[in-house]
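K.L.:
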Amino acid sequence: MSFCRAMMPAIMVIIYLGKAFGAVSAPTPFPHGCEVRGFGFSDHHLILNETGEQSFYLIQNRSSKPIELQRIETREVFMSPSLTAKLDPLNWAAFASDVENLHFQCFVKEEETIKTLDCRDVLEVCQYPRVKFALSNMGNYWVSTNKSQNEVITDATKKGIYLRW
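Note that the sequence shown covers residues -22 to -1, 1 to 143 in mature numbering (1 follows the signal peptide of the UniProt record, and there is no 0).
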């Protein structure tokens, strides 16, 4: 009995400190279920969809300037859409993809010149790995662009994209 009384204050201190330090962790900028996976960065480009399966990504411009993203074709194809989007500072976009390893270039327009940026320095990206698409909205396209995170998610769900976690 005396051992329990002696240990109780120590146990309470450990529990208190655990809760205090646990609350210090930095919040993630991503919504529940959106994970940092399924993409990468190489040669200043953002590369989406490592598998080629139908995927869904959220992308945020975390810089202080408006940026543009444009698909860069890396394969020999006859025709392919440019898939360009503009994002104001701290705004979000949603992108759906069923093509493996899509390369996007990031750039800013400064007066009449275009300055290429390292996408790794200006973007936050996450993927919903358990997303479900209706057959009518599968493919490669910008689902929603240049809006708040909530607006982009709302646009996706209105288009029949089920963001599961």
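Here a beta-carbon is modelled for each residue, glycine too, at the ideal position from N, C-alpha and C.
On the criterion of 16 or more Cβ atoms from any shown chain inside 10 Å, does V130 qualify as buried, or is it exposed?
P.N.:
By one-based count along the sequence shown, residue 130 stands at place 152. That one is buried.
K.L.:
Where does E78 fall in DSSP's three states?
P.N.:
By 1-based counting over the sequence shown, the position of residue 78 is 100. Reduced to three states, the DSSP call for E78 is coil.
K.L.:
Would you tell me roughly how many angstroms separate the C-alpha atoms of S33 and R15, rounded to the nearest one?
P.N.:
Here the question's residue 33 lines up with position 55 in the sequence shown. Here the question's residue 15 lines up with position 37 in the sequence shown. The alpha-carbon atoms of S33 and R15 are separated by roughly 11 Å.
K.L.:
Can E78 be considered in contact with the ligand FMN, in the sense that its beta carbon sits closer than 7 Å to one or more heavy atoms?
P.N.:
The model depicted lacks the ligand FMN and carries no ligand whatsoever.
K.L.:
How many Å lie between P9 and P107 at the Cα?
P.N.:
Stepping through the sequence shown from its first residue, residue 9 is reached at position 31. Stepping through the sequence shown from its first residue, residue 107 is reached at position 129. Their backbone Cα atoms lie some 13 Å apart in a straight line.
K.L.:
List in chain order: all unbroken alpha helix (DSSP H) runs of 4+ residues lying wholly within the stretch 47 to 128.
P.N.:
Complete alpha helix (DSSP H) runs here, min 4: 97 to 100.
K.L.:
State the beta-bridge partners of E13 as determined by DSSP.
P.N.:
Your numbering for residue 13 matches position 35 in the sequence shown. Q105, per the DSSP bridge assignment.
K.L.:
Using a 10 Å radius around the Cβ and a threshold of 16 neighbouring Cβ atoms, would you call L36 buried or exposed?
P.N.:
Within the sequence shown, numbered from 1, the residue matching residue 36 stands at position 58. Burial call: buried.
K.L.:
Out of R98, K110, N115, F111, point me to the one whose CA is closest to N39's CA.
P.N.:
Taking the first residue of the sequence shown as 1, we reach residue 39 at position 61. It is R98 whose Cα lies nearest to the Cα of N39.
K.L.:
Measure the CB-CB distance between T62 and E88 and report whether it falls below 8 Å.
P.N.:
The residue given as residue 62 occupies position 84 in the sequence shown. The residue given as residue 88 occupies position 110 in the sequence shown. Not a contact, by the Cβ cut-off of 8 Å.
K.L.:
Looking at C-beta atoms only, is the number of pairs between the stretch 101 to 118 and the stretch 63 to 80 that lie closer than 8 Å three or more?
P.N.:
The stretch 101 to 118 vs the stretch 63 to 80: in contact.
K.L.:
Can you tell me the Cα-Cα spacing of L26 and G18, whole angstroms?
P.N.:
By one-based count along the sequence shown, residue 26 stands at place 48. By one-based count along the sequence shown, residue 18 stands at place 40. Their Cα atoms are separated by approximately 7 Å.
K.L.:
Rounded to whole angstroms, what's the CA-CA distance from V121 to A134? Just pull it up for me.
P.N.:
Counted from its first residue, the sequence shown places residue 121 at position 143. Counted from its first residue, the sequence shown places residue 134 at position 156. Roughly 6 Å separates the two Cα atoms.
K.L.:
Tell me whether I37 sits in a helix, a strand or coil according to DSSP, three-state version.
P.N.:
Counted from its first residue, the sequence shown places residue 37 at position 59. Note: I37 maps to strand in three-state DSSP.
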